[in-house]
Every structure is written in structure tokens, then in C-alpha cells.
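Beneath this line is the structure, given in C-alpha cells, with notes to follow.
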Amino acid sequence: MAGLMDGKKGVVLGVTNKRSIAWGITQVLRAEGAEVALTYQGKRVEESVRTLAAELDISVVLPCDVTEDAQIDALFAALGERFGKLDFLVHSIAFAPKEALEGEFVNTSREAFRIALDVSAYSLVALARGARPLMKDGGSIVTLTYYGAEKAVPGYNVMGVAKSALESAVRYLASDLGPEGIRVNAISAGPVNTVAARGISGFTSMLKLHAERAPLRRNVTQLEVGQAALYLLSDLGSAVTGEVLHVDAGYHAMGM
Ligand code: NAD
Ligand code: 0WE
Numbered sequence: 007m008a009g010l011m012d013g014k015k016g017v018v019l020g021v022t023n024k025r026s027i028a029w030g031i032t033q034v035l036r037a038e039g040a041e042v043a044l045t046y047q048g049k050r051v052e053e054s055v056r057t058l059a060a061e062l063d064i065s066v067v068l069p070c071d072v073t074e075d076a077q078i079d080a081l082f083a084a085l086g087e088r089f090g091k092l093d094f095l096v097h098s099i100a101f102a103p104k105e106a107l108e109g110e111f112v113n114t115s116r117e118a119f120r121i122a123l124d125v126s127a128y129s130l131v132a133l134a135r136g137a138r139p140l141m142k143d144g145g146s147i148v149t150l151t152y153y154g155a156e157k158a159v160p161g162y163n164v165m166g167v168a169k170s171a172l173e174s175a176v177r178y179l180a181s182d183l184g185p186e187g188i189r190v191n192a193i194s195a196g197p198v199n200t201v202a203a204r205g206i207s208g209f210t211s212m213l214k215l216h217a218e219r220a221p222l223r224r225n226v227t228q229l230e231v232g233q234a235a236l237y238l239l240s241d242l243g244s245a246v247t248g249e250v251l252h253v254d255a256g257y258h259a260m261g262m
């Protein structure tokens, strides 16, 4: 069957387990015929990512901790060898020290700020630079953001500042790479029950509140985020770049 991603090759960063948004995206891309490489953050998750990869017949599984320049360089060297070119990259990575996601933003330490911005925002810049020479026929880069970039969401704190930087980086990268046919976009996903989310106290009540207030009166799934990513990563999105696409059941459209 003809797929929207037939003949396209790319890499998805940010799968940890079945619940990961990156896993939802990977499933949709594979179903449409994409060849996908996955990365894992460290030895701790290597095994679970390899097991998931095998489920979708994915054979290229590579390490990449985005705080290490050498690992980013090694990733693109390996992708160059295995794939020869790259059509897409998915960045589904964020981290802030747990204590920075509790209490008041005003108490954010210099170190927590540095880590959150490094892992969650700068990494997109470094990865885009690494992918660029492999995106010979143009390409599409997608990252994941959240409403807390636009409005102060209690507890999201320094991650909100990091997501604002990430969304701005999307626009600057779109400007730099557009002349080469490389598009850069973000998906602003509504809250989804993942590992990154379950570490947050009160997340369950947040999900409930979101579902009550969103125009569609429900939450979103990893697969729905995957479908939006498919649009941006395939030729369906060929004129879309520098955009933040909300996949949040309409929550962002409400004033009260
Ligand atoms: P997840 O925990 O499944 O994914 C987060 C990923 O970040 C993990 O795979 C982890 O290994 C990776 N990561 C963290 N530090 C890293 C590092 N130094 N190097 C490489 N990888 C690193 O959780 P998720 O909810 O699927 O999060 C994926 C993305 O979606 C994040 O950017 C998150 O901010 C965003 N997002 C999540 C939600 C939500 O409610 N879950 C909503 C909107 C946006
Ligand atoms: O981006 C996120 C969460 C990202 C995240 C999660 C953790 C938990 C474990 C980053 N760093 C860490 N560090 C840890 O130690 N989301 C969009 C999910 C999320 O987190 C919130 C939210 C939502 C939604 C925190 C407060 C309020 C809302």
C-alpha cells in the first residue's frame, strides 16, 4: 500500500517507553512507510528502546544524550553511514531538575535554568545543525512544545521558559534552513500521560481540568500527536515552516 512517507528516512529522538509521545509519532510514521532510526538517552533505557524498535522492524537504534556534543556528532556520522541521507528529524526531548517543577518559579536556581534550557531548547539547535548536511533533498524537523511556553502554567516554571526559547528557536531555524528546503515546526501538545508527565504532582487533576475546559471536552492521545507530526513531516506540510501547531483539543483557543 502506498504510504505518505514512502522513501523517506529519518530519526526520532525521545522514545523511552510505550507511553512516550515519540513512540506515538514513530508508529504513525512507520505505518505510512517511513524508514525510522531511534535513539536512546543512556544504557538505562537502551534495552526497552531496542525491544520497542523490534516491534516495528526498526534496526537502526543509536545512543544520543543531547547534552554531549560528541554523541550528537557520532549520531549523524552513523545516520550518514546507515541511511546516506535524512528527510526528517523528530525532537521529543525535555528535562528540568525535579525541584524546579515544584513551588515558585522565582526560586529557580542558575543550574536548574541552565540544564532545562540546554536539554530542552539548545539541543534542537545542535541537532538541526547536525542534520543539515544530510538533508540533501530538503527535510522536515518537528519538536514538541507545551502551552506553558505562552502562558504561566502553575508548576511548569522553568520548563515554560525553556519551551518559549524552543518555540523561538523554531522560527530562527526555519529562517536559516528554509532556503535549503528544510522546514522546522513545533507541535504544542495538550497534556498526555507519559513518564515525563507522571513525575509531576497533581498531573491527574491537570488532565481532568484540561478535558473539562477544552472545546473538544477531552484530552489528546500520543497517536493524535503522531498524526499531526505526519502532516508536518510528509509533503502534506510542504509550505508550512516556523509554525507552532496546537494539538490540544482546542484548549489554547479559550480565554476562560
Ligand atoms: P517521555 O519521558 O516519554 O519523553 C521525554 C524524553 O526526553 C525521554 O525519552 C528522555 O530519554 C528524553 N531526554 C531527557 N533528557 C535527555 C537527554 N539529555 N538526552 C537525550 N534524551 C533526553 O515524555 P513525553 O511526555 O513523551 O515528552 C516528549 C516531549 O513532549 C517533551 O519535549 C515534552 O516536553 C513534550 N510534551 C509533553 C507533554 C505531556 O503532557 N506529556 C505535553 C506537551 C509537550
Ligand atoms: O514538558 C512536560 C514535562 C517535561 C518534564 C518532566 C519532568 C518530570 C521528571 C521535564 N523535566 C522533568 N523532570 C523530572 O525530574 N510536560 C508538558 C508535561 C507537564 O509537566 C507539567 C505540566 C505538564 C503538562 C508540570 C507542571 C504543570 C503542567
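If you want the numbering used here, it's the 1-based position in the sequence shown plus 6.
Where is the CB? At the ideal position from N, CA and C, for every residue including glycine.
- Between Leu-236 and the set Ala-43, Ala-8, Leu-19 and Thr-32, the nearest pair of CA atoms involves Thr-32.
- Remark: the shortest separation between the CB of Phe-82 and any heavy atom of the ligand NAD does not fall under 7 angstroms.
- Taking the Cα positions, Glu-108 is about 36 angstroms away from Gly-16.
- Positions of the alpha helix (DSSP H) runs, each at least 4 residues long and wholly inside the region 111-135, are given as 116-123 in order along the chain.
- Counting of Cβ neighbours within 10 angstroms places Lys-169 among the buried residues, the total reaching 16 or more.
- Judged by DSSP in its simplified three-state form, Ser-194 adopts strand.
- Of Val-18, Val-131 and Ser-146, the smallest CA-CA separation from Tyr-178 is found for Val-131.
- In the DSSP assignment, Val-17 forms a beta bridge with Ala-43 and Leu-95.
- Only residues of its own chain outside the window of five on either side were considered, and among them Leu-107, Gly-161 and Met-212 have a CB closer than 8 angstroms to the CB of Ile-206, listed in chain order.
- For Val-226, there is no enclosing beta strand (DSSP E), as DSSP marks it with neither H nor E.
- The three-state reading of DSSP puts Arg-189 in strand, counting E and B together.
- Here the distance from the Cβ of Ser-240 to the nearest heavy atom of the ligand NAD is not below 7 angstroms.
- Around the beta carbon of Ala-192, a 10 Å sphere encloses 16 or more other beta carbons of the protein chains shown; the residue is thus reported as buried.
- Leu-68 is the residue among Glu-74, Leu-68, Ala-100 and Val-72 whose C-alpha sits nearest the C-alpha of Leu-85.
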